[in-house]
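Undergrad: Chains as they are written, first to last, in our numbering: chain A, 14 to 222; chain B, 14 to 222.
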């Protein structure tokens, strides 16, 4: 982990894929795996696997390969999954509700504590034990609760305003943004955009080929 | 466009971002823009902008910059948005419903015609004018309707079976997969995975820094 500063974002973005595949291997009771075998199932070369994992300290043993459970634990630690994260969802429409329903997130340590919306028909509802609050109360909520990440599931027009208001409280560490626009936050608040339309447009391009 | 074969996937994946920003510029009545100005708002260097757009034929004029509307049209054509696409959604849970509700997709030319599910409580429902059919009828539906893309919004366990069944009909061109697993399709059927959990794990990593 001491080498982390030198690791490229591209390598970091591959780590969650390792984490997913290693979990599948554990579920299938695989105890050890070579870089060649891991590469084959992940679609990487063995040398890419070794290079990626060397970035983070190198966990393999020559002639043995990787201990799957150990590597899974180490990759989890590198990703920061040895702790859990408190989450709020801004925008309680279909997408916000879909994200609140992902048990996979909770299992991985992301616990959704509250949802917020401006729509009076949604405010006050309870969706899968998660209460929907009025977005006007967001500052008060963030002052009195520990929240690490806000999932922003609003429309494009509201997303920046929402991001600015929650950033101003200095109470969150990151925004996971689903609105189809690139939002800006003060330094120190991580923004990760999920632009679904970009992915769909790539599908169209690839069909056309 | 004749240069397309040489264009890297990384450059292609940047195109939807151009498309989004150019649309915003049109909405703000901006008629022309230099590569420097476009780079500033998109977070790219001017030289990156010129290089990307040169890949696809180069639309700028020295000393003038780019005609925004023209460039938007050209990028749209390169992406394959001069035609529309018929879509079905497999899995009519919250996420499937959220995607069916994205008017942005429809505006861009992706028309959702039907949803499919195995849950008898959902089959027969109509969600925003879109009927939910029994997934057991998928083959018959694909035989009798033109469908370009299937959005797969099932759980991890069902995703590969679903993908195999719809691929076997040879009636679709692409699968846009939201299930948290990498699905495999026969050659000729494009798969684009949206692994939300991978993006969320990247957030955790970046917070930790």
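For every residue, glycine included, the Cβ atom is placed at its ideal position computed from N, Cα and C. None of these values were measured; they are calculated from a predicted model.
Anything in chain B within Cβ reach of residue 197 (chain A), meaning under 8 Å, just list it in chain order.
TA: Chain B residues near residue 197 (chain A): none, gap ~10 Å exceeds 8 Å.
Undergrad: Could you have a look at residue 17 (chain B) and say whether DSSP puts it in helix, strand or coil?
TA: Bear in mind that a pLDDT of 48 at residue 17 (chain B), under 50, signals an unreliable position, so the number given afterwards is only what the model happens to contain. Here residue 17 (chain B) sits in helix by DSSP.
Undergrad: Return helix, strand or coil for residue 131 (chain A), following the three-state DSSP convention.
TA: Residue state, collapsed to three classes: coil.
Undergrad: Please return the same chain residues whose Cβ sits closer than 7 Å to the Cβ of residue 72 (chain A), not counting the five positions on each side in sequence.
TA: Excluding positions up to five away in sequence, the list reads 66, 79, 83, 84 and 87.
Undergrad: Quick one, are the C-beta atoms of residue 100 (chain B) and residue 123 (chain B) less than 7 Å apart?
TA: Result yes, Cβ atoms of residue 100 (chain B) and residue 123 (chain B) sit closer than 7 Å.
Undergrad: Cα separation between residue 159 (chain A) and residue 91 (chain B)?
TA: Between residue 159 (chain A) and residue 91 (chain B), the C-alpha separation is close to 46 Å.
Undergrad: When you compare only the Cα positions, how much space is there between residue 214 (chain A) and residue 169 (chain A)?
TA: Distance between the alpha carbons of residue 214 (chain A) and residue 169 (chain A) is about 17 Å.
Undergrad: Applying the 10 Å Cβ sphere with the 16-neighbour rule, what's the burial state of residue 16 (chain B)?
TA: Since pLDDT at residue 16 (chain B) reaches only 43, below the 50 mark, its modelled position is unreliable, and no value is offered.
Undergrad: Excluding the five sequence neighbours on either side, which residues of its own chain have a C-beta within less than 7 Å of the C-beta of residue 130 (chain A), listed in chain order?
TA: The answer, listed in chain order, is 104, 105, 136, 145 and 148.
Undergrad: Out of A:202, A:25, A:153 and A:141, point me to the one whose CA is closest to residue 176 (chain A)'s CA.
TA: Among A:202, A:25, A:153 and A:141, the Cα nearest to that of residue 176 (chain A) is on A:202.
Undergrad: Provide the residue(s) that pair with residue 85 (chain A) in DSSP beta bridges, ordered along the chain.
TA: None, per the DSSP bridge assignment.
Undergrad: List, in order along the chain, the chain A residues whose C-beta lies closer than 8 Å to that of residue 193 (chain B)?
TA: The contacting residues are 33 and 117.
Undergrad: For residue 190 (chain B), which residues in chain A fall below 8 Å Cβ to Cβ?
TA: The contacting residues do not exist; residue 190 (chain B) stays about 10 Å from chain A at best.
Undergrad: If we define contact as Cβ-Cβ less than 7 Å, is residue 181 (chain A) a contact residue for chain B?
TA: It does not: the Cβ of residue 181 (chain A) has no partner Cβ on chain B nearer than 7 Å.
Undergrad: What does residue 111 (chain B) reach in chain A if we use C-beta pairs closer than 8 Å?
TA: Per Cβ cutoff of 8 Å: 106, 107, 108, 110 and 111.
Undergrad: Do residue 210 (chain A) and residue 193 (chain A) have their beta-carbon atoms positioned less than 7 Å apart in this structure?
TA: Yes, they are a contact pair.
Undergrad: Among B:32, B:163, B:182 and B:190, which one has its Cα closest to the Cα of residue 89 (chain B)?
TA: Ranking the options by Cα distance to residue 89 (chain B), first place goes to B:32.
Undergrad: Name the chain A residues that come within less than 8 Å of residue 211 (chain B), Cβ to Cβ?
TA: Those are 26, 29, 30 and 33, listed as they occur along chain A.
Undergrad: Which whole-angstrom value describes the C-beta separation of residue 198 (chain A) and residue 152 (chain A), a residue pair presumed to lie in contact below a C-beta threshold of 8 Å?
TA: Actually they are not in contact, since the Cβ atoms of residue 198 (chain A) and residue 152 (chain A) sit about 16 Å apart, beyond 8 Å.
Undergrad: Between residue 81 (chain A) and residue 117 (chain A), what straight-line distance do the alpha-carbon atoms span, to the nearest angstrom?
TA: Straight-line Cα distance between these residues: approximately 20 Å.
Undergrad: Considering only residues of the same chain and omitting the five flanking positions on each side of residue 27 (chain B), which have a CB-CB separation below 7 Å?
TA: For residue 27 (chain B), where only same-chain residues beyond five positions count, the Cβ hits under 7 Å are 65.
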